Amino acid sequence: MNILILGSGGREHALAWAVMQNPKCDKLIVAPGNAGIAQIADCASFDIDNGTAVVNFVEENAIDFVIIGPEAPLANGVADRLRDAGVLVFGPSEAAARLEASKSFTKEICDAANAPTAAYGHFTDADAAKAHIRKNGAPIVVKADGLAAGKGVIVAMDEATALEAIDDMFGGAFGGAGAEVVIEEFMEGEEASFFILCDGKTALPVGTAQDHKRVGEGDTGPNTGGMGAYSPAPVLTDDIAQKALDQIVQPTIDEMAKRGTPYQGVLYVGLMIKDGQPRLVEYNVRFGDPECQVLMMRLGAQALDLLQAAAEERLADTQVNWGDDHAITVVMAANGYPGSYEKGTVIKGLGDIPQDSKNMVFHAGTTAKDGMITATGGRVLNVTARGSSLKDARDRAYAMVDQIDWPEGFYRSDIGWRAL
Ligand code: AMP
Ligand code: GLY
């Protein structure tokens with residue numbers, strides 16, 4: 013089977029690494045890829061957000077299966093163009109990708125599906141939004157409706173911050189994404205993510221994870237795309253996971269099918285858990301990054317069979333072979349991230365690290381230059397290990413981090429603290 017993966021992050025390196033272990037894979041191309049991906053697969057360069065460009069590449073290169081990593085091509089309808097061209101694809105249609113691309117759409121689906129989530133109001137007018145905030149008081153959560161690269165959510169602990177967020181959003185701080193806002197009840201509890209493969213009808217869980225969004229030790233400081241993650245998430249017990257499936261996930265899938273926009277791909281279910289009850293925080297229509305890295309470490313070669321079964325609508329007859337194992341990933345980022353940072357700094361020591369089914373350094377923002385690996389992004393490396401316990405996995409991940417010589421980078425030394 014000839015496979016194309018779209019994307020260039022640590023998520024796509026992890027997907028590529030898992031796919032390459034499956035003997036079914038004859039040839040793998042990743043577009044655009046990165047320096048780490050280039051060590052295990054061919055990389056190609058074209059506009060992955062443009063459906064016509066993707067279909068042309070697929071036809072020219074006899075690709076049998078396309079796996080779409082990030083949300084932008086999905087929200088742009090790239091999966092639809094591929095399906096129209098008769099190409100097997102993993103990833104939701106543009107209409108189903110609205111579960112991530114529009115917060116108000118997700119709330120409307122939750123209403124129709126009777127899925128537990130925060131109470132909310134949806135506003136297209138700043139004055140009405142402010143009146144809602146004054147009436148309900150703080151803490152309260154203000155969200156830009158559309159895709160805002162993870163920056164469109166303000167958890168306001170006081171009313172003034174919430175009102176200011178409304179001015180920012182209607183003032184164009186998030187472009188088109190802020191022309192509509194959702195204002196939500198503040199939910200207390202512990203967050204965890206649940207990853208579900210869907211084929212339009214059936215939901216197949218492929219793992220739980222927790223990430224560390226804040227840049228600083230002890231979960232402090234500004235938000236980032238994620239500074240580390242681990243799987244499984246102990247807070248998502250079997251009982252709570254079953255409740256999430258029965259009360260949130262399956263009703264959502266049924267509602268999407270009923271509307272003629274069946275959901276196919278991975279559903280990333282962000283949950284808030286309190287007193288044994290899960291409530292939906294958000295959906296994403298792709299694997300989390302860096303959560304995908306720990307999921308792929310645990311799934312290994314079977315990941316390709318699972319993604320293919322989702323694309324071929326065979327999940328009802330598909331099982332996951334679970335290992336009783338734990339995985340953790342530590343993100344190494346460029347000094348200054350999530351603010352401004354230097355590009356082009358040299359990373360040394362990577363060649364000395366053994367890479368196998370239990371230890372992997374996945375690359376995110378890297379480029380190969382003059383025979384050296386250089387950092388070209390904010391989040392640069394995802395140092396990932398699998399072990400019989402979370403502590404074992406963590407110790408080995410940090411042992412690898414210690415071998416990496418990159419003075420212009422930093423990492424958090426407490427990934428997994430909550431679970432440990
Ligand atoms: P989202 O992009 O919707 O996941 O929001 C980003 C983060 O904001 C979440 O991971 C939560 O930590 C927080 N958040 C979002 N909605 C709520 C809510 N209703 N109550 C409390 N925290 C929230
Ligand atoms: N790590 C959070 C995300 O991928 O959205």
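So in this note's numbering, spot 315 of the sequence shown is number 327, and the numbers just go up one at a time.
Positions of the beta carbon are idealized from the N, C-alpha and C atoms, including for glycine.
Owing to the predicted nature of the structure, the values given are computational and were not obtained by experimental measurement.
- Look at the beta carbons and you see the segment 108 to 126 touching the segment 143 to 158: at least three pairs across the two are nearer than 8 Å.
- The beta carbon of residue 203 sits no closer than 7 Å to any heavy atom of the ligand GLY.
- By alpha-carbon distance to residue 21, the top candidate from 344, 235, 285 and 200 is 344.
- Residue 243 has 339 as its beta-bridge partners, per DSSP.
- Below 8 Å, enough C-beta pairs join the segment 271 to 289 and the segment 203 to 223 to call them touching: three or more.
- The C-beta of residue 334 has fewer than 16 other C-beta atoms within 10 Å across all chains shown, which makes the residue exposed.
- When the beta-carbon positions are compared, residue 309 and residue 220 stay at least 8 Å from each other.
- Straight-line spacing of the CA atoms in residue 76 and residue 91 works out to 14 Å.
- Taken in chain order, the unbroken stretches of beta strand (DSSP E) that lie wholly in the segment 65 to 91 and span 3 residues or more are 77 to 80.
- Burial is judged here by how many other beta carbons sit within 10 angstroms of a residue's own beta carbon; residue 320 has at least 16 and is buried.
- Within a 10 Å sphere around the beta-carbon of residue 232 sit fewer than 16 other beta-carbons, which makes this residue exposed.
- Between the C-alpha atoms of residue 27 and residue 216 there is a straight-line separation of about 18 Å.
- Annotated three-state conformation of residue 417 is strand, per DSSP.
- At least one heavy atom of the ligand GLY sits closer than 7 Å to the Cβ of residue 296.
- Residue 200 has its CB no nearer than 7 Å to any heavy atom of the ligand GLY.
- As far as DSSP is concerned, residue 128 takes part in no beta bridge.
- Rounded to whole angstroms, the separation of the alpha carbons of residue 200 and residue 286 is 7 Å.
- In this structure residue 251 is exposed. Its beta-carbon is surrounded by fewer than 16 other beta-carbon atoms within 10 angstroms.
- Three or more Cβ pairs closer than 8 Å define a contact, and the segment 62 to 69 falls short of that threshold against the segment 351 to 359.
- Below 8 Å, enough C-beta pairs join the segment 46 to 61 and the segment 374 to 385 to call them touching: three or more.
- Considering only 80, 45 and 97, the residue with the shortest C-alpha distance to residue 64 is 97.
- DSSP lists no beta-bridge partner residue for residue 186.
- Three or more beta-carbon pairs separated by less than 8 Å link the segment 360 to 374 to the segment 416 to 425, which places the two stretches in contact.
- Under a 10 Å Cβ-count criterion, residue 364 is classified as exposed, with fewer than 16 other Cβ atoms of the shown protein chains found around its own Cβ.
- Around the Cβ of residue 253, a 10 Å sphere holds 16 or more other Cβ atoms; the residue is buried.
- Nearest Cα to residue 246 within the set 374, 132 and 336: 336.
- Proximity of the segment 191 to 199 to the segment 125 to 144 meets the contact definition, three or more beta-carbon pairs being nearer than 8 Å.
- Annotation for residue 217 indicates a beta carbon at 7 Å or more from all heavy atoms of the ligand GLY.
- Every beta strand (DSSP E) of 3 residues or more that sits fully in the segment 208 to 276 is shown, in chain order, as 215 to 223, 226 to 228, 232 to 235 and 240 to 243.
- Per the CB criterion, closer than 5 Å to any heavy atom of the ligand GLY, the qualifying residues run in chain order as 223, 238, 300 and 301.
- In this structure, residue 282 has its CB closer than 7 Å to one or more heavy atoms of the ligand AMP.
- Residue 52 carries a coil assignment under DSSP once its states are collapsed to helix, strand and coil.
- Boundaries of the beta strand (DSSP E) around residue 384: 384 to 387.
- The three-state reading of DSSP puts residue 206 in strand, counting E and B together.
- Residue 409 is positioned such that its CB atom lies closer than 8 Å to that of residue 340.
- Here residue 428 has 242, 340, 402 and 406 as same chain residues with Cβ atoms under 7 Å from its own Cβ, once five neighbours each way along the sequence are excluded.
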